[in-house]
Amino acid sequence: MPAFPAARNARLSLVLAAALLVPLTACGGDDDGEGTESRKSGAASTPPAAQLTVLAAASLTDVFKTAGAAYEKDHPGTKVTFSFAGSQELAAQVRQGAPADALVTADTKTMDGLGSDTGTPTVIAKNRLVIATTEGNPFKIDDLKDLADSKLKVVLAAPEVPVGRYSKKVLDAQQVKVKAVSQEPNVRAVLSKVELGEADAGLVYQTDAATAPDKVDAITIPDAQNAIAEYPAATLKTSEHPEAAAAFVAWLSTPAAQQILKEAGFQQP
């Protein structure tokens, strides 16, 4: 029996609607706008833009400024702000609930003490000590034992600071007794004392001495007498941008970031 005109019109409307849906489905638009092919290729998703605050050891001051600029360039919309201090100060800030997204310390001991506040840490670099002297090394300091000379004004970091702990370790191992004229809160404060001539010598990381080549001389400490500093990085559980924070911490282990650290004198983890 021939269809009534109304029925024919209804069937025609359904056919037209189906035809319009076919090209839309073929376009493959996903909810995230990336499409089926992008998903099949396994391309990593881009971390969301965010303003990150990173608490970092004072010895990372110069290199992290360079690294931060590089990260922002490769991740448009993300801003990284650093707060530099001695690792023990940073730990205190974390315990007090300071608003931050990630933490990088100059030793694993400090980081391990914050296990309930951080994600799983990853060591991103290593460092070692040198003897920093005033320019020209006027007192002809050659090794650690020379620091025991009572005529010298030697400055060290406080023992609760990672570099101060490393300093005590190497001096004790060589049975060198040093009467420090001051104990500073971080390695940059030690370096500053030597730079300004307020101290004749001090123990700092080799990367810190390298930032002031025209103001201090760096006396190498043999490997057998030295200590290796490790720099772990981790996200903070209180971060308001956990995904972006995790992306930054992961980036610190990439070839691009490692090259920046290497050029500043840091050793590979």
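Residue 4 in our numbering sits at position 4 of the sequence shown, with consecutive numbering throughout. Backbone N, C-alpha and C define an ideal beta-carbon position, used for all residues, glycine too.
Between the C-alpha atoms of A257 and P232 there is a straight-line separation of about 14 Å. For V216, no alpha helix (DSSP H) segment is defined; the enclosing uninterrupted segment is the beta strand (DSSP E) at V216 to T220. Non-local C-beta neighbours of E195 in its own chain, meaning closer than 7 Å and more than five positions away in sequence, comprise A212, K215 and V216, ordered along the chain.
Look at P232 here: in three-state DSSP terms it is strand. The C-alpha of L156 lies about 12 Å from the C-alpha of V170. Of the residues assessed, D101 falls on the buried side of the cut-off, its CB having 16 or more other CB atoms within 10 angstroms. The shortest CA-to-CA distance from H75 to any of A234, V54 and W251 is the one to W251. Here the alpha carbon of V190 sits roughly 13 Å from the alpha carbon of A218. The shortest C-alpha to C-alpha distance from T61 to any of N127, G77 and R188 is the one to R188.
Per DSSP, E184 is one residue of the beta strand (DSSP E) stretching across S182 to E184.
Taking every protein chain shown into account, the CB of I131 has 16 or more other CB atoms within 10 angstroms, so this residue is buried.
Three or more Cβ pairs drawn from the segment 83–92 and the segment 143–161 lie within less than 8 Å of each other, which places the two stretches in contact. If you draw a 10 Å sphere on the C-beta of P48, you find fewer than 16 other C-beta atoms in it, and that means exposed.
In the three-state reduction of the DSSP assignment, T66 falls in the helix class, which pools H, G and I.
Check the Cα spacing between I260 and each of Q51, A56, A50 and T66: the tightest is with T66. Judged by DSSP in its simplified three-state form, S87 adopts helix.
In the DSSP annotation of this structure, the continuous segment of the beta strand (DSSP E) that includes Q51 starts and ends at Q51 to A57. T133 carries a strand assignment under DSSP once its states are collapsed to helix, strand and coil. Beta bridge pairing from DSSP links Y205 with L129. Between the segment 96–111 and the segment 234–252 there are three or more C-beta pairs closer than 8 Å, enough to call the two in contact.
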